[in-house]
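All residue numbers in the sequence shown are consecutive under this note's numbering, ending with 97.
Note that the Cβ used here is the ideal one computed from N, Cα and C, for glycine as well.
Just so we're clear, the structure is a prediction, and the values are computed from it rather than from any experiment.
Working notes for the structure below.
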Amino acid sequence: MEDIISIEDRLDKFFNALTALPLESLHAEKARIENSIQHLVRSNKEIEEYILSLKEEEEKEERLGLKCVIKENEDVVTDQKQRIAMIDAEIKRRT
Numbered sequence: 003m004e005d006i007i008s009i010e011d012r013l014d015k016f017f018n019a020l021t022a023l024p025l026e027s028l029h030a031e032k033a034r035i036e037n038s039i040q041h042l043v044r045s046n047k048e049i050e051e052y053i054l055s056l057k058e059e060e061e062k063e064e065r066l067g068l069k070c071v072i073k074e075n076e077d078v079v080t081d082q083k084q085r086i087a088m089i090d091a092e093i094k095r096r097t
């Protein structure tokens with residue numbers, strides 16, 4: 003529950019900060035986040051390919067660790083998509 007509150011607090015602070023940014027900065031921030039998402043998605047794909055290359059009986063700890071990294075990246079992507087939606091809403095409100 004603490005993590006959920008923390009995420010909500012961060013998103014609230016992010017949304018509040020958006021209102022102070024000029025429109026051009028909103029577009030730049032959206033592009034920055036979209037670029038970050040692309041890198042995370044690519045990274046996850048590469049990690050998944052590496053996991054598949056590991057032999058079943060070998061590297062169980064490494065496999066589990068890498069799956070945790072993929073999950074963390076997926077959580078970040080979800081958070082970033084929420085931020086993009088907030089930016090889009092702010093851009094729409096202004097135009």
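Rounded distance between the beta-carbons of residue j and residue i, thought under 8 Å
i     : j     : result
Ile86 : Glu48 : With 8 Å as the limit, Ile86 and Glu48 do not qualify as a contact, their Cβ atoms being about 23 Å apart.
Inter-residue Cα distance where the pair is residue i and residue j
i      : j     : result
Glu179 : Ser38 : No answer is possible for residue 179: it lies beyond the span of the chain, which begins at 3 and ends at 97.
Glu50  : Ser27 : 34 Å
Ser55  : Val78 : 25 Å
Asp14  : Thr80 : 15 Å
Among the options, nearest to residue i - alpha-carbon criterion
i     : options                    : result
Leu42 : Lys83, Pro24, Asp11        : Lys83
Lys32 : Arg44, Ser45, Phe16, Asn46 : Phe16
Arg95 : Pro24, Asp11, Asp81, Ser8  : Pro24
Sub-8 Å separation of residue i and residue j beta-carbons
i     : j     : result
Asn75 : Ser45 : yes
Cutoff 6 Å; reference residue i; Cβ partners in own chain excluding five residues on either side
i     : result
Ile53 : Arg65, Leu68
Glu72 : Residue 72 is actually Ile in this sequence, not Glu. Excluding sequence neighbours, Ile72 sits near Asn46, Ile49.
CB contact check: residue i to chain D, cutoff 8 Å
i     : result
Asn18 : Absence of chain D from the displayed structure is noted, only one protein chain being present.
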